[in-house]
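Taking it in order: structure first as structure tokens, then the write-up.
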Amino acid sequence: MKCPICKKEVAPAEPEFPFCSERCRLVDLGNWASGKYAIPAREKPEEEDES
465 MKCPICKKEV APAEPEFPFC SERCRLVDLG NWASGKYAIP AREKPEEEDE S
């Protein structure tokens, strides 16, 4: 498997798996905290009042 940050090969037995190092793990955590990763969602259109 490859590290999701730097793309270096990582063995499942590595202590920081799935990352290759603590640095890459912290970069990933920072990406989540800053909102760089997001799941796209569609907003529902507002329903018009019929009254």
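Residue numbering for the sequence shown follows our numbering, starting at 465 and increasing by one per position. Cβ atoms here follow ideal geometry from the backbone N, Cα and C, with glycine treated the same way. Since the model is a prediction, treat every value here as computed from it, not as a measurement.
By the C-beta criterion, the region 466-473 is judged to be in contact with the region 481-489, since at least 3 inter-stretch pairs fall below 8 Å. Under the DSSP assignment, residue 489 falls in the alpha helix (DSSP H) whose first and last residues are 486-498.
Take the alpha-carbon of residue 478 and the one of residue 497: they are about 24 Å apart.
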